[in-house]
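Enquirer: If you're matching positions, the sequence shown starts at 1 in the UniProt record's numbering and goes up one per residue. Glycine included, each C-beta is placed from N, C-alpha and C at the ideal position.
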Amino acid sequence: MVEQARQQATPTIDDVAALAGVSRAVASRALSTEKRPVSAEKRERVLQAAAELGYRVNLLAQSLTTKTVNLIAVVVNHIHDLSDLDLFDRLLAETQAIGKQVILIRVGSVDKVEEFLRQGVAYHVDAALVFSDFADAETVRKMFRSDLVVMLNGRHDRLSPTVIPDEAMGIHQAVADAAQHGVKTAALVTGRASSLVEQARIASYLSAFNQHGIELVQTVQGDYSYQSGHAAAPAVVGFDCPDAVFCTSDAMAMGILDVCREDFPGNRPTRFRLYGFDNLSLTDFDAYPISSIGYDKADYVRQMVRFLADPTAFTPGQPPVLIPTRFVPRKTS
């Protein structure tokens, strides 16, 4: 009876060490997600022993020893844009590859960020990746009580690393393409005007229009979603439509394209040219061959994960890491 109870008890690190024939310290190092010295032969023995016993690492106990929990907070406004789907699967994979796990925190407004602080929400994480443009670097550092906060939304300061796409490059290439096709007038369908990233994006379009002699005849505000592009289409491309419509997300361009399929026989433009932004994977398929502006998402994720894996890669005051963008022509232009 005692023997049966012993066999059914939850295995400990001491049990693993005994079965593997190593010290408790060696077993702990072999099972750690951190890069800690242990020979390959001993690590293999420990892993085999752990598997045989059904041992699982107690992450809470490990965190008390290493002062890390291997958790990364990813702060977002929401996850429903099509561009999120292309990015976050890759981000999760790369984060897990360095031994970290992700928790998602949705922030719907500035008030929500302040509410987290007022209520003393203190998620114990090693670092945070901040996509939400409602959150600034200083607030997030306080929120998580962590100095390692990687900003991806433009609301950074000198104390936090920043990784952002260099959007002006791709935007100027897209507008230059339109000018080469004889475009003289354009409409711009934008996202939320309060976003610093969107403000910079709009400024880049205005600069490119001015440089290439294209008149901006209409601006309509959407929210990056397919629905907002679909709703904007009748007003933007009515009887007196512009030569080209530029959207600051591919999802909005998809909404416009679906409303105006008759203007794109075989997906080729007849009344106006259509440009998106994000270079979604969907634009490589026949249903939505939208000319777009994109960047290397693998490089984007790699740069942000680099700071998570090695916090010493950043020094205060370091300029943002810029990911170059490029124009990708497809049928709609």
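Using the beta-carbon count (16 or more within 10 Å), is residue 31 buried or exposed?
Expert: Residue 31 comes out buried.
Enquirer: Examine the Cβ distances between the segment 253–265 and the segment 218–230 and report whether three or more of them are shorter than 8 Å.
Expert: Touching, yes.
Enquirer: Does residue 170 come out as helix, strand or coil in the three-state DSSP assignment?
Expert: Residue state, collapsed to three classes: helix.
Enquirer: How far does the alpha helix (DSSP H) with residue 38 in it reach, from first residue to last?
Expert: That residue, residue 38, is in no alpha helix (DSSP H); it is neither H nor E in DSSP.
Enquirer: Of the residues 265, 75 and 134, which one's Cα is nearest the Cα of residue 194?
Expert: If we check each option's Cα against that of residue 194, 134 comes out closest.
Enquirer: What are the start and end residues of the alpha helix (DSSP H) that includes residue 204?
Expert: Per DSSP, residue 204 belongs to the alpha helix (DSSP H) from 196–211.
Enquirer: Taking residue 234 as the reference, which of 209, 187 and 106 has the closest Cα?
Expert: Selected option, being the one with the closest Cα: 187.
Enquirer: Does residue 66 come out as helix, strand or coil in the three-state DSSP assignment?
Expert: Confidence at residue 66 is low in this model, with a pLDDT of 48, below 50, so the placement of that residue should be treated as unreliable; the coordinate-derived value is given next. Helix at residue 66.
Enquirer: Tell me the DSSP secondary structure of residue 277 in three-state form.
Expert: In this structure, residue 277 counts as coil in the three-state DSSP scheme.
Enquirer: Do residue 140 and residue 71 come within 9 Å of each other at the CB atom, strictly closer than that value?
Expert: Their beta carbons are not under 9 Å apart, which means residue 71 does not touch residue 140 by this criterion.
Enquirer: Could you give the first and the last residue of the continuous alpha helix (DSSP H) run that contains residue 138?
Expert: First-last of the alpha helix (DSSP H) with residue 138: 137–144.
Enquirer: When burial is assigned at 16 or more other CB atoms within 10 Å of the CB, is residue 293 buried or exposed?
Expert: Burial call: buried.
Enquirer: Please check if any C-beta of chain E sits within less than 9 Å of the C-beta of residue 303.
Expert: No chain E appears in this structure, which consists of one protein chain only.
Enquirer: Please classify residue 312: is it buried, with 16 or more other beta-carbons within 10 angstroms of its beta-carbon, or exposed?
Expert: Under this definition residue 312 is an exposed residue.
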